[in-house]
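Chemist: Protein chains in written order, with my numbering: chain P, 4 to 318; chain S, 13 to 225. Encoded as structure tokens, here's the structure I'll be asking about.
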């Protein structure tokens, strides 16, 4: 029931924001399509903004599309982009397996794809796959979490959306570190599908079942925000919460002494890098770099949160 | 709700037998490893057997003394890195250096699972390096110091991360930290340090460690 409603709202948003050809009047070089999950999550908005800004700077028009994590919809968006004759596609994909066919379809139509944020399960199909080193980032977050927990106590984990490879990678990165501390006890582990509202509900029930919870480690910032709101409502602001992404919302919470830490993924810079590589590929037929590229994540806590703005740390 | 429970059970079921699968694979010496994630541990173990003693330890044996590395860093991280280090895979990755030194322990935390000793190597009374003494070792410096471990040769970041963990575990297992107080003792060490900026605090992943009698 819930799911249906969300899907419906998702497709509504899609219908409204389906195709937004933000025209920048530098012609000649053609259109770059930028396809990401819903901009409801500021992370994906930062990606789209970063890519669009770089594309405009390099003289392209952009077509900004959102697939709402629906592989079928993503497939249709690829059809639209191919029909529109775009020069290249910047993609944060809707599923590691499900997206391979769509990217292949574009390739067959002579349109190169440059992936950001999430990997797909095939190589040689996209030109570039630039992803944050989610495992390294998760280890950073977990190390901070362990320290904050004093290496002991009961904790819960909020896991992201299963179809997104990063949900699993982060969870494994967390486990890799935390499992080395036998006095840390996992009492609950549940998905909240990257959703703030869902995380609120999940946190409420986790807390009821496990009042002894001392910390919560979350697969992303929106879920961390939902969990923190539930903890505040329950008067449990003593609980340590650590997120992942480096959003401005969590930055503000850290500065107010709420959520304790997050891990910054350089989303804005990553999207810009993808557009630069697309531009080079279109001009020279090669990017000059490997298909699979990692970008390191950075721990954000009270020490450096003030320097965080729109998924980038200022010097 | 039910589907969540099922999903969790499934995950748990998938996660647990990981070790078992490895054992089965490892029994067939030289057999082609299982493709995909299930074969990771066996592949990584084989890679370590092939490279740890034969390539990594010889590389670490060429470690620069702390003072020499500091002198090189005075000319900039990029230059020092190009001459003496190796950059980890990916944008924003740290430079990694093999380093060795000796000094006096100023402070130590031996109660944590991630034991650490703060060491004064230049005799000014203040600690200038922090040694990781395990059993939990942070980071991927042992992997990233080696040019022969390349991200592109691995399936994905998970398999690549497993290599870092396996190297840390191998080093940590071999470390002998004597019982009793460390503060005030003279120690010698060799290992790796990763730096993203010249001014970064030195966190050394220790491969050899000895306390002066």
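From the three backbone atoms N, C-alpha and C, an ideal C-beta is built for every residue, glycine too.
Using Cβ-Cβ distances below 8 Å, what residues of the stretch 56-79 of chain S are close to chain P?
Modeler: Of all residues in the stretch 56-79 of chain S, none has a Cβ within less than 8 Å of some Cβ in chain P.
Chemist: I want to check one thing, is the minimum distance from the CB of residue 102 (chain P) to the heavy atoms of the ligand SAM below 8 Å?
Modeler: No copy of the ligand SAM appears in this structure; indeed no ligand is present at all.
Chemist: Interface residues of chain P around residue 198 (chain S) at Cβ under 7 Å?
Modeler: As a position in the second chain, residue 198 (chain S) is number 186, starting the count at 1. Result: empty, since nearest Cβ-Cβ is about 29 Å, beyond 7 Å.
Chemist: Quick one: list the residues of chain P neighbouring residue 111 (chain S), beta-carbon separation under 7 Å, in chain order.
Modeler: Within the second chain, numbered from 1, the residue matching residue 111 (chain S) stands at position 99. What residue 111 (chain S) touches in chain P: nothing, since even the nearest Cβ is about 21 Å away.
Chemist: Taking Cβ-Cβ distances shorter than 8 Å, what residues in chain P pair up with residue 177 (chain S)?
Modeler: Taking the second chain and counting its residues from 1, one reaches residue 177 (chain S) at position 165. Near residue 177 (chain S) (Cβ distances below 8 Å), the residues of chain P are 179.
Chemist: What is the DSSP secondary structure of residue 183 (chain P), reduced to helix, strand or coil?
Modeler: For this step, residue 183 (chain P) is matched to residue 180 along the first chain. Residue 183 (chain P) falls in the coil class under three-state DSSP.
Chemist: Can you look up residue 173 (chain P) in the DSSP assignment and give me helix, strand or coil?
Modeler: Start at 1 with the first residue of the first chain, and residue 173 (chain P) comes out as number 170. If DSSP states are grouped into helix, strand and coil, residue 173 (chain P) belongs with the helices.
Chemist: Is residue 199 (chain P) helix, strand or coil by DSSP?
Modeler: By one-based count along the first chain, residue 199 (chain P) stands at place 196. It is helical.
Chemist: I want to verify the contact list: residues of chain C whose CB lies under 7 Å from the CB of residue 144 (chain S), in sequence order.
Modeler: You won't find chain C in this structure, because its protein chains are P and S.
Chemist: Skipping 5 residues on each side, what residues in its chain have a beta carbon closer than 6 Å to that of residue 120 (chain S)?
Modeler: Position 108 of the second chain, counted from the start, is the residue given in the question as residue 120 (chain S). Taken in chain order, the residues that qualify are 129, 194 and 195.
Chemist: Does the Cβ-Cβ distance between residue 265 (chain P) and residue 113 (chain P) come in under 9 Å?
Modeler: Within the first chain, residue 265 (chain P) is the residue found at index 262, counting from 1. Within the first chain, residue 113 (chain P) is the residue found at index 110, counting from 1. For residue 265 (chain P) and residue 113 (chain P), no; Cβs fall outside 9 Å.
Chemist: Contact criterion: CB-CB distance below 9 Å. Does residue 160 (chain P) meet it with respect to chain S?
Modeler: Counting from one through the first chain, the residue named residue 160 (chain P) turns up at place 157. Chain S contact via Cβ: absent.
Chemist: Where do the N-terminal and C-terminal ends of the alpha helix (DSSP H) with residue 140 (chain P) fall, by residue?
Modeler: Here residue 140 (chain P) is taken as the residue at index 137 of the first chain, counted from 1. Looking at the DSSP string, the run of the alpha helix (DSSP H) that includes residue 140 (chain P) is 137-151.
Chemist: Enumerate in chain order the residues of its own chain whose CB-to-CB distance from residue 292 (chain P) is below 8 Å, with the five nearest sequence positions on each side excluded.
Modeler: On the first chain, residue 292 (chain P) is found 289 positions in, with the first residue counted as 1. Closer than 8 Å at Cβ, skipping near neighbours: 131 and 280.
Chemist: Kindly list the residues whose CB is nearer than 6 Å to the CB of residue 312 (chain P), restricted to its own chain and excluding five residues on each side of it in sequence; keep chain order.
Modeler: Indexing the first chain from 1 puts residue 312 (chain P) at position 309. For residue 312 (chain P), where only same-chain residues beyond five positions count, there are no Cβ hits under 6 Å.
Chemist: With a cut-off of 9 Å, does the C-beta of residue 125 (chain S) fall near any C-beta of chain P?
Modeler: The residue you call residue 125 (chain S) lines up with position 113 of the second chain. Interface residue, yes.
Chemist: Can you check whether the CB of residue 216 (chain P) is closer than 9 Å to the CB of residue 226 (chain P)?
Modeler: Here residue 226 (chain P) corresponds to residue number 223 of the first chain, with the count starting at 1. Here residue 216 (chain P) corresponds to residue number 213 of the first chain, with the count starting at 1. No.
Chemist: For residue 223 (chain S), I'd like the list of residues in its chain whose CB is within less than 6 Å of its CB, leaving aside the five on either flank, ordered along the chain.
Modeler: Along the second chain, one-based indexing puts residue 223 (chain S) at 211. Answer for residue 223 (chain S): 190, 197 and 199, listed in chain order.
Chemist: Under a three-way DSSP split, which group does residue 63 (chain P) fall into?
Modeler: Residue 63 (chain P) sits at position 60 when you count from the first residue of the first chain. Coil, per DSSP.
Chemist: List the residues of chain P that residue 105 (chain S) touches, going by C-beta distances under 7 Å, in chain order.
Modeler: Working through the second chain from its first residue, we reach residue 105 (chain S) at position 93. Chain P residues near residue 105 (chain S): 299.
Chemist: When the Cα of residue 91 (chain S) is compared with those of S:107, S:69 and S:51, which residue comes out closest?
Modeler: Taking the second chain and counting its residues from 1, the one referred to as residue 91 (chain S) is at position 79. Looking at the Cα atoms, S:107 is the closest of the given residues.
Chemist: Is there a C-beta anywhere in chain P that falls below 9 Å from the one on residue 201 (chain S)?
Modeler: Within the second chain, residue 201 (chain S) is the residue found at index 189, counting from 1. No, residue 201 (chain S) lies away from the interface with chain P (no Cβ there is under 9 Å from its Cβ).
Chemist: Can you name, in chain order, every residue of its own chain whose Cβ lies under 7 Å from the Cβ of residue 186 (chain P), other than the five neighbours on each side?
Modeler: As a position in the first chain, residue 186 (chain P) is number 183, starting the count at 1. Result list for residue 186 (chain P): 154 and 155, in chain order.
Chemist: So, for residue 224 (chain P): in the same chain, excluding its five sequence neighbours on each side, which residues have a beta-carbon less than 6 Å away from its beta-carbon?
Modeler: On the first chain, position 221 is the one that residue 224 (chain P) refers to. These residues qualify, in order along the chain: 246, 248, 250, 253 and 265.
Chemist: State the start and end residues of the unbroken alpha helix (DSSP H) segment that holds residue 321 (chain P).
Modeler: Coverage of chain P is limited to positions 4 through 318, which leaves residue 321 (chain P) absent and any answer about it impossible.
Chemist: If residue 103 (chain P) and residue 128 (chain P) are in contact, beta carbons under 8 Å, what's the gap, nearest whole angstrom?
Modeler: On the first chain, residue 103 (chain P) is found 100 positions in, with the first residue counted as 1. On the first chain, residue 128 (chain P) is found 125 positions in, with the first residue counted as 1. With a Cβ gap of about 6 Å, residue 103 (chain P) and residue 128 (chain P) count as contacting.
Chemist: Could you tell me whether the stretch 129-145 of chain S touches the stretch 209-220 of chain S, using the rule of 3 or more Cβ pairs below 8 Å?
Modeler: Touching, per the Cβ criterion.
Chemist: Could you tell me the distance, in whole angstroms, from the CA atom of residue 298 (chain P) to the CA atom of residue 225 (chain S)?
Modeler: Counting from 1 along the first chain, the entry for residue 298 (chain P) is found at position 295. Counting from 1 along the second chain, the entry for residue 225 (chain S) is found at position 213. Answer to the nearest angstrom: the Cα atoms are 45 Å apart.
Chemist: If you follow the beta strand (DSSP E) that residue 200 (chain S) is in, where does it begin and where does it stop?
Modeler: As a working note, residue 200 (chain S) is residue 188 in the second chain. 198-207 is the span of the beta strand (DSSP E), which, as asked, contains residue 200 (chain S).
Chemist: I need the straight-line Cα distance from residue 153 (chain S) to residue 133 (chain S), nearest angstrom please.
Modeler: As a first step, residue 153 (chain S) must be located in the second chain, where it is residue number 141. As a first step, residue 133 (chain S) must be located in the second chain, where it is residue number 121. If I take the Cα positions, the gap works out to 21 Å.
Chemist: How would you list, in chain order, the residues of chain S whose beta-carbon sits under 7 Å from the beta-carbon of residue 146 (chain P)?
Modeler: Position 143 of the first chain, counted from the start, is the residue given in the question as residue 146 (chain P). Residues of chain S passing the Cβ test: 150.
Chemist: Measure the Cβ-Cβ separation of residue 201 (chain S) and residue 113 (chain S) and say whether it is below 9 Å.
Modeler: Taking the first residue of the second chain as 1, we reach residue 201 (chain S) at position 189. Taking the first residue of the second chain as 1, we reach residue 113 (chain S) at position 101. Yes, these two residues count as a Cβ contact at 9 Å.
Chemist: On the three-state DSSP scale, how would you describe residue 45 (chain P)?
Modeler: On the first chain, position 42 is the one that residue 45 (chain P) refers to. Of the three classes helix, strand and coil, the one that applies to residue 45 (chain P) here is helix, per DSSP.
Chemist: Does residue 223 (chain P) come out as helix, strand or coil in the three-state DSSP assignment?
Modeler: In the first chain, counting from the first residue as 1, residue 223 (chain P) sits at position 220. Coil, per DSSP.
Chemist: Tell me, please, whether the CB atom of residue 214 (chain S) is closer than 9 Å to any CB atom in chain P?
Modeler: Position 202 of the second chain, counted from the first residue, corresponds to residue 214 (chain S). False, the Cβ-Cβ gap to chain P never drops below 9 Å.
Chemist: Check the DSSP bridge columns for residue 192 (chain P) and list the partner residues they point to.
Modeler: Your numbering for residue 192 (chain P) matches position 189 in the first chain. P:160, per the DSSP bridge assignment.
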